[in-house]
Amino acid sequence: MSSPNILDLFRLDGKVALVTGAASGLGAAIATALAQAGAHVAVHGNRRAATETAATIGANSAAFQADLSSTEGAEKLFTEVHTYFGHVDILINNAGTIHRDAAVDTTLESWQQVLQVNLTSVFQLSQLFARDVFSREAKGKIVNIASLLSFQGGIRVPAYASSKGGVAQLTKALANEWAPRGIQVNAIAPGYFATTNTEALQADETRNRQILERIPAARWGQPQDLAGAALYLSAPASDYVTGTVLTVDGGWMGR
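Quick note on numbering: this note's numbering labels position 147 of the sequence shown as 151, and the sequence is numbered without any gaps.
Quick look at the structure:
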């Protein structure tokens, strides 16, 4: 029996993907890549529906809005996407938020909001996704967006670092439980990317210089730099990969 063409293992024809936080930046780049590989893509926006991303992708996409800082947001989003598309085969947990403040000054409200968006909603959506996949006796892929701060403590971002450390551990925990049942769960840990979340760092001349000096690639990542890794972990090419956290960081962690 001949082996399949390797490029065919990166096709997503007929698959339905949900990408959270896809109104712009990393999420929009990931959603576009999955659509180009043949998937139908549900693109989510937190404060507003990701209508611009859906319009850019075209007929194979639909935009949704849900507040993932609310404990009810994840179920609302998944229910609407499931109703529209009928099922979900790929879940990209990309939505995230950050609060910059000294640990001693971080309020409980700020802490809880970051944890809800970055970690709790990831668990909620993953749970809803798995129940759907198992009910259909199908297979699925979950890709969580972690961070370099899944490994490092960062500066003045205690809630964010805690949430992203949790994402890495949740990825491994779910992978252990769900691999035997046909769901691969992996994560991507982006390095320093030029997005709205890092605007303050880019604008700070000293921090910007320090960051670039640490990155062997000597540049900030662009959203498109994450697209290939996301496609790989969403496609059949990664069927024997689970429980891993893949760094896409221009060499930061190897420095």
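We put the beta carbon where it would ideally sit given N, CA and C, even for glycine.
At the level of alpha carbons, what is the spacing between ALA21 and SER73?
Along the sequence shown, one-based indexing puts residue 21 at 17. Along the sequence shown, one-based indexing puts residue 73 at 69. Cα-Cα distance, rounded: 21 Å.
Would you be able to state if there are at least three C-beta pairs under 8 Å between the region 222–241 and the region 28–40?
Contact holds: three or more Cβ-Cβ distances are below 8 Å.
Would you check if the region 214–222 and the region 160–174 touch, i.e. whether three or more CB-CB distances between them fall below 8 Å?
Verdict: no, contact absent.
In the DSSP assignment, find the unbroken alpha helix (DSSP H) run with VAL225 in it and report its ends.
As a working note, residue 225 is residue 221 in the sequence shown. Reading off the sequence shown, one finds Gly at residue 225, where the question assumed Val. Segment: none, GLY225 is in no alpha helix (DSSP H) and carries neither H nor E.
In chain order, what residues of the same chain lie with their CB nearer than 6 Å to the CB of GLN128, ignoring the 5 residues before and after it?
Taking the sequence shown and counting its residues from 1, one reaches residue 128 at position 124. Cβ neighbours of GLN128 beyond the five flanking positions: ALA78.
Check whether the Cβ atoms of LEU230 and ILE146 sit closer than 8 Å, and answer yes or no.
Taking the sequence shown and counting its residues from 1, the one referred to as residue 230 is at position 226. Taking the sequence shown and counting its residues from 1, the one referred to as residue 146 is at position 142. In this structure, ILE146 does not lie closer than 8 Å to LEU230 by Cβ.
With a Cβ-Cβ cutoff of 8 Å, do ASN122 and VAL85 count as a contact?
Counting from one through the sequence shown, the residue named residue 122 turns up at place 118. Counting from one through the sequence shown, the residue named residue 85 turns up at place 81. Taking 8 Å as the Cβ cut-off, ASN122 and VAL85 do not qualify as a contacting pair.
What does the alpha-carbon distance come out to for the pair GLY247 and GLY169?
Residue numbering aside, residue 247 sits at position 243 when the sequence shown is read from its first letter. Residue numbering aside, residue 169 sits at position 165 when the sequence shown is read from its first letter. When rounded, the distance between both Cα atoms is 14 Å.
Which of the three DSSP states, helix, strand or coil, is assigned to VAL171?
For the purposes of this step, residue 171 is taken as residue 167 along the sequence shown, with counting starting at 1. Helix.
Using a 10 Å radius around the Cβ and a threshold of 16 neighbouring Cβ atoms, would you call VAL23 buried or exposed?
Along the sequence shown, one-based indexing puts residue 23 at 19. By the neighbour-count rule (16 or more Cβ atoms within 10 Å), VAL23 is buried.
Who pairs with HIS48 in a beta bridge, going by DSSP?
Within the sequence shown, numbered from 1, the residue matching residue 48 stands at position 44. Beta-bridge pairing links HIS48 to PHE68.
Which two residues bound the contiguous alpha helix (DSSP H) that contains ASN212?
In the sequence shown, the residue the question calls residue 212 occupies position 208. 209–218 is the span of the alpha helix (DSSP H), which, as asked, contains ASN212.
Say whether the region 137–153 touches the region 185–192, bearing in mind that this needs 3 or more beta-carbon pairs closer than 8 Å, one atom from each stretch.
Contact between the region 137–153 and the region 185–192 is present, because at least three Cβ pairs lie under 8 Å.
Ends of the alpha helix (DSSP H) at ILE61?
Taking the first residue of the sequence shown as 1, we reach residue 61 at position 57. Start and end: 55–61.
Have a look at LEU205, SER125 and GLY62 and flag the residue whose alpha-carbon is nearest the alpha-carbon of LEU174.
Sequence index remark: in the sequence shown, residue 174 carries index 170 (1-based). Comparing Cα-Cα distances from LEU174 to each of LEU205, SER125 and GLY62, the minimum goes to SER125.
Roughly how many angstroms separate the alpha carbons of LEU13 and ALA239, rounded to a whole number?
On the sequence shown, residue 13 is found 9 positions in, with the first residue counted as 1. On the sequence shown, residue 239 is found 235 positions in, with the first residue counted as 1. Going by the C-alpha atoms only, they are around 6 Å apart.
Taking ASN9 as the reference, which of ALA241, PHE155 and GLY144 has the closest Cα?
Sequence index remark: in the sequence shown, residue 9 carries index 5 (1-based). Closest option to ASN9, Cα to Cα, is ALA241.
Looking only at C-alpha atoms, which of ALA193, VAL249, TYR88 and GLY157 sits nearest to VAL45?
Counting from 1 along the sequence shown, the entry for residue 45 is found at position 41. For VAL45, the nearest C-alpha among the options comes from TYR88.
Please list the terminal residues of the continuous alpha helix (DSSP H) segment that includes ILE260.
Residue 260 lies beyond the range of the chain shown here (5 to 259); nothing can be said about it.
Any contact between the region 52–69 and the region 99–110? By contact I mean 3 or more CB pairs, one from each, below 8 Å.
Not touching, per the Cβ criterion.
Please go through the same chain and pick out, in chain order, the residues whose beta-carbon is closer than 8 Å to the beta-carbon of LEU153, but skip the five residues on each side of it.
Indexing the sequence shown from 1 puts residue 153 at position 149. These residues qualify, in order along the chain: VAL161, TYR164, ALA165, LYS168 and GLY169.
Assuming GLY225 and PRO194 form a contact by the criterion Cβ under 8 Å, report the distance between their Cβ atoms to the nearest whole angstrom.
One-based indexing of the sequence shown puts residue 225 at position 221. One-based indexing of the sequence shown puts residue 194 at position 190. So it is a contact: roughly 6 Å between Cβ atoms.
Go ahead and pull the three-state DSSP assignment for GLY232.
Sequence index remark: in the sequence shown, residue 232 carries index 228 (1-based). Three-state result, GLY232: helix.
Taking the straight line between their C-alpha atoms, what separation do you get for GLU308 and GLY144?
It is not possible to answer for residue 308, since the shown part of the chain is limited to 5 through 259.
Is the distance from the Cβ of THR199 to the Cβ of LEU30 below 8 Å?
As a position in the sequence shown, residue 199 is number 195, starting the count at 1. As a position in the sequence shown, residue 30 is number 26, starting the count at 1. Going by C-beta atoms, THR199 is nearer than 8 Å to LEU30.
Look at the alpha carbon of ALA32 and the alpha carbon of ALA26, and state the distance between them as a whole number of angstroms.
By one-based count along the sequence shown, residue 32 stands at place 28. By one-based count along the sequence shown, residue 26 stands at place 22. Approximately 4 Å between the Cα atoms of the pair.
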